[in-house]
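What follows is one structure encoded as structure tokens, with my remarks underneath.
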């Protein structure tokens with residue numbers, strides 16, 4: 009085995025040819041984007057007989073002008089059941105950066121689950137992680153007990169994801185989510201909520217996307233990236249980035265609903281005629297006619313509400329937006345936003361249902377809701393509500409190994 013630096017192109021070809029799991033921050037496209045944004049990176053790999061066995065993308069975060077903290081987020085990527093490979097990689101990594109005195113510390117985030125969960129309930133420890141932790145400790149890597157929620161340069165230790173096995177398909181997807189999610193998605197359909205993929209380079213689409221994100225930013229008091237970032241992302245990863253908007257077209261809803269009412273009224277009138285002719289059971293028919301009248305009345309009320317909505321806000325009402333990234337086996341729910349004013353229409357549910365069908369039809373193995381804090385049970389957790397929303401889609405916590413750090417002599421002296 010040899011430890012060597014590889015190019016973005018070589019990694020891109022390897023990831024294209026090998027169906028293994030990795031997150032966006034360990035993709036060749038991410039490395040290219042980082043370099044285009046003037047971030048220094050290295051892709052360090054282990055090869056045997058010219059075949060890549062392990063790799064990691066390391067970002068140089070500048071510290072005090074002349075120094076760096078070098079970081080791999082959700083990496084390196086390798087078979088963590090192979091202790092010989094794990095030991096070789098991290099030993100060589102340590103030696104590689106020992107040569108560069110400007111690198112004060114190297115931080116890694118082994119891409120392996122430390123603990124196995126069913127939903128948010130702990131099941132068992134992962135023995136591969138136990139062995140990896142022992143190897144790292146022996147090589148003087150120290151667990152930081154930190155992640156994205158305390159340090160923005162580190163990866164979130166926990167994510168929430170939904171496995172998409174061969175038993176889940178588009179036709180039974182609604183049966184594989186919670187009753188709350190199923191009810192809400194069905195309601196979005198009845199309310200006329202639609203979903204479309206936008207062109208982030210189209211001026212009008214970009215304005216819509218940014219308006220929703222800024223409204224969300226004000227509400228949650230958390231900075232959301234602007235369109236400059238999203239355009240850069242699209243430029244660098246192309247079709248692997250998806251930007252979605254949920255909306256209601258009021259005129260279209262009125263037209264569709266009017267047709268629905270006309271069909272219901274015809275069915276009702278046909279049944280009424282059969283009842284008058286004595287061709288149907290009187291009691292059942294009378295009850296059914298009552299149901300027809302109630303349903304028709306409900307649909308008329310929906311039309312009245314939509315007309316009011318149009319009068320106040322215009323014909324097309326944009327409800328929510330989201331960004332998705334294709335990353336190996338995962339379709340990642342990367343960012344989201346929603347207009348506070350139109351919260352009742354549950355636009356995010358419509359987008360998620362739309363993209364889950366996309367993930368299934370394109371053979372992704374995981375629908376990844378991405379980062380969550382390590383506090384799964386406390387209602388005081390900063391992201392408790394967000395996690396409950398994710399849980400409605402029936403997934404599991406993935407609890408990764410800690411972020412580990414090794415420092416050089418200067419890094420040990422300084423409080424960095």
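Residue numbers (our numbering): 9 to 424. Backbone N, C-alpha and C define an ideal beta-carbon position, used for all residues, glycine too.
Bounding residues of the alpha helix (DSSP H) (the contiguous stretch that carries residue i)
i	result
residue 396	392-399
residue 415	No alpha helix (DSSP H) holds residue 415; the beta strand (DSSP E) holding it covers 412-415.
residue 233	Here residue 233 belongs to no alpha helix (DSSP H), and DSSP marks it neither H nor E.
residue 91	91-106
residue 115	First-last for residue 115: 111-116, but that is the beta strand (DSSP E), not the alpha helix (DSSP H).
residue 138	135-146
residue 24	16-25
residue 170	Looking at the DSSP string, residue 170 is not in any alpha helix (DSSP H); the run it does join, the beta strand (DSSP E), is 166-171.
residue 163	Note, residue 163: premise wrong, no alpha helix (DSSP H); not H, not E.
residue 51	It is not in any alpha helix (DSSP H) - residue 51 instead sits in the beta strand (DSSP E) that spans 49-56.
residue 355	355-369
Span of the beta strand (DSSP E), counted from its first residue to its last, around residue i
i	result
residue 387	Here residue 387 belongs to no beta strand (DSSP E), and DSSP marks it neither H nor E.
residue 60	59-71
residue 250	249-257
residue 120	Premise fails: residue 120 is in no beta strand (DSSP E) and is neither H nor E.
residue 306	Per DSSP, residue 306 belongs to no beta strand (DSSP E); it is in the alpha helix (DSSP H), 290-321.
residue 196	Run containing residue 196: none in the beta strand (DSSP E); it sits in the alpha helix (DSSP H), 187-198.
residue 349	First-last for residue 349: undefined, no H or E at that position.
residue 44	Element bounds for residue 44: not the beta strand (DSSP E) but the alpha helix (DSSP H), 36-44.
residue 77	75-79
residue 487	With the chain covering 9 to 424 only, the question about residue 487 has no answer from this structure.
Distance CB(residue i)-CB(residue j) smaller than 8 Å
i	j	result
residue 120	residue 134	yes
residue 138	residue 405	no
residue 65	residue 33	yes
residue 42	residue 14	no
residue 337	residue 29	yes
residue 311	residue 273	no
residue 359	residue 330	yes
residue 227	residue 348	yes
residue 143	residue 209	no
residue 339	residue 168	no
residue 40	residue 235	no
residue 176	residue 361	no
residue 186	residue 400	yes
residue 335	residue 63	no
residue 250	residue 332	yes
Local Cβ density within 10 Å of residue i, reported as buried at 16 or more and exposed below that
i	result
residue 430	The question about residue 430 has no answer here: the residues shown for the chain are numbered 9 through 424.
residue 351	exposed
residue 386	exposed
residue 221	buried
residue 230	exposed
residue 408	buried
residue 290	exposed
residue 4	For the chain, the structure presents residues 9 to 424; residue 4 sits outside this window and is missing.
residue 106	exposed
residue 131	exposed
residue 89	exposed
residue 242	buried
residue 345	buried
residue 246	exposed
residue 160	exposed
residue 252	buried
residue 101	buried
Cβ separation of residue i and residue j, assumed to be a contact under 8 Å, to the nearest whole Å
i	j	result
residue 300	residue 275	7 Å
residue 113	residue 77	5 Å
residue 254	residue 327	5 Å
residue 27	residue 184	Not a contact, Cβ separation roughly 23 Å.
residue 377	residue 398	4 Å
residue 81	residue 162	7 Å
Any non-hydrogen atom of the ligand GDP closer than 7 Å to residue i Cβ
i	result
residue 356	Summarising the ligand content, the structure contains no ligands, and the ligand GDP is consequently not present.
Handout entry: Validate contact between the segment 145-153 and the segment 402-417 using beta carbons, cut 8 Å, 3 pairs
Key = yes
Exercise for the section: Please determine if the segment 315-328 and the segment 254-261 are in contact, where contact requires at least 3 C-beta pairs separated by less than 8 Å. Expected result: yes
Handout entry: Inter-stretch contact at 8 Å, needing at least 3 Cβ pairs: the segment 169-179 / the segment 367-386
Key = yes
Problem - contact_flag[the segment 92-107, the segment 47-56] where n(CB pairs < 8 Å) is 3 or more - result: yes
Exercise for the section: Flag this pair as touching only if the segment 267-285 and the segment 212-220 have three or more C-beta atom pairs under 8 Å; answer yes or no. Expected result: no
Handout entry: Contact the segment 190-203 vs the segment 341-359: 3+ CB pairs below 8 Å
Key = yes
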